[in-house]
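In the numbering used here, the protein residues as written are 31 to 129. The structure appears right after this line, and notes come after that.
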Amino acid sequence: MRNLNTSKAGTYYCAVATCGRILFGNGTKLDIGQYGQNRASSSDKPVYFLTGALVFTTILCVLLALSLFKLHKRISSQNTGTPTDPSCDMTGSVSFIII
31 MRNLNTSKAG TYYCAVATCG RILFGNGTKL DIGQYGQNRA SSSDKPVYFL TGALVFTTIL
91 CVLLALSLFK LHKRISSQNT GTPTDPSCDM TGSVSFIII
């Protein structure tokens with residue numbers, strides 16, 4: 031409905047052909063004026079806002095992922111030459127018991 035202009039204004043009828051008969055609807059009047067065009071543009075404002083919010087959160091997630099990657103890389107490069115304490119081993123599995 032974005033390409034509406036005054037030349038498309040008028041009454042539109044629905045017709046259905048079934049069992050050798052043609053049934054006509056009551057008609058729908060399409061009136062396009064100054065107010066109709068403003069309503070269409072005002073309904074786009076939430077779409078623009080949500081699109082902006084999506085772009086912002088996507089950029090934020092990418093920046094957070096990059097900073098976590100750099101932090102992990104820096105920590106792992108600092109710990110390469112030192113022996114690890116077996117009691118601090120984080121590679122083991124974690125088990126949960128549900129009671």
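Every residue gets a Cβ at the ideal spot worked out from N, C-alpha and C, and that includes glycine. Quantities reported herein were computed from a predicted structural model and do not represent experimental measurements.
Since Phe54 contacts Ala45 with CB under 8 Å, what's their CB separation in whole angstroms? 5 Å
Is Ile89 helix, strand or coil when you go by DSSP? helix
Look up Ile52 in the DSSP assignment and say whether it is helix, strand or coil. strand
Between the Cα of Thr41 and those of Thr58, Thr87 and Gly50, spot the shortest distance and give me the residue it belongs to. Thr58
Element boundaries [beta strand (DSSP E), containing Tyr42]: Gly40 to Tyr42
Would you mind stating whether Ile62 and Ala39 have Cβ atoms separated by less than 8 Å? yes
Bridge partner(s) assigned by DSSP for Leu60: Gly40
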